[in-house]
Amino acid sequence: MSSNCRIISVVNQKGGVGKTTTTVNLATAMAAVGKRVLVVDADPQGNASTGFGVVRANRGIGCYELMFDGLLVEDVAVPTIIPNLSVITSSADLAGAEIQLVTTERREFRMKDALDRSAKDYDIILIDCPPSLNLITLNALIASHAILIPLQPEFYALEGVSSLLQTMEAVRERFNPTLEVQGVVLTMYDKRNSLSDAVAADVRSYFGDKVYETVIPRNVRVSEAPSHGKPVLLYDLKCSGSRAYMQLASEVLKREWGAFESLENTDLPKAVGE
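When we follow this note's numbering, the leftmost residue of the sequence shown carries the number 11, and every step to the right adds one.
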């Protein structure tokens, strides 16, 4: 793996918080400004693969084979329609990986070992984790430099994240001492709902400046985009969800690489060859 490559796990053990949508659209925005991006779809549901238009019938070798068969990233990465952006797809086999990992040698390090031995051509790798704190998620955390936490502003939001943070601390103590929180992003934000404001205030009080300034609004176009096999940035660049993800990408890039200009005026369709 390139010494300059950054690996970020997008993780929350609660489902339905916009984790995959955040992974897909952050990756798209970063690729559009010239970063070489790899998405690892580590969720057996395979929604990130779908979000890039890779239909199930066309998914051959992928994340499972990377972890268990000793293959290189170059063997399993699939180019997307977006220049500079590849994806390692998920498949049904990954659903059985949790059981298989129990008796596998170096079971916690399968993903780290796989990425260390290849993945030389990327600036950033985003790992879309399953919605549970299982052995696949543990593999992702050990392989990563940082985690990005999508958080829906609802009543139990912080309660759920406390388990994730406990897991992260255990990983830091036993396996990966440099793992850090890259940031927390509030998703599915409804400014008409007073609960959203109240929970957002609690989250910002708890996490401080780890919470991104950008919030991702509830947006129909964001929900529609995966059914068309496209990131929302390609499906409808001008919708509020697209604008928010571009702003979020600017913040993430700034935290990773210092000063970075806003992506708001980037012509995404042109940048990705649409």
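Built from N, CA and C at the ideal position, the CB exists for glycine as well.
Note that the structure is a prediction, hence the values are computed from the model and not measured.
- Burial of T32 is indicated by the presence of at least 16 other C-beta atoms within 10 angstroms of its C-beta.
- DSSP lists I98 and I137 as the beta-bridge partner residues of V50.
- Within the DSSP bridge table, the entry for S19 names I137 and I157 as partners.
- By the CB criterion at 8 Å, A129 and C15 fall inside the cutoff.
- In the DSSP assignment, T224 falls within the beta strand (DSSP E) that extends over V221 to P227.
- The alpha carbon of E261 has as its nearest neighbour, out of T197, P241 and T224, the alpha carbon of T224.
- Proximity of the segment 240 to 250 to the segment 200 to 218 falls short of the contact definition, fewer than three beta-carbon pairs being nearer than 8 Å.
- CA-CA distance, L111 to K201, rounds to 43 Å.
- The closest CA to that of R46, considering only G72, M77, P89 and P54, is found on P89.
- T30 counts as buried, since at least 16 other C-beta atoms from the protein chains shown sit within 10 angstroms of its C-beta.
- Cβ-Cβ distances below 6 Å link R120 to M77 and N149 in the same chain, with the five nearest sequence neighbours on each side left out; the list follows chain order.
- Residue pairing from DSSP leaves Y74 without any beta-bridge partner.
- DSSP places V191 within a strand segment (E or B) once states are collapsed to three.
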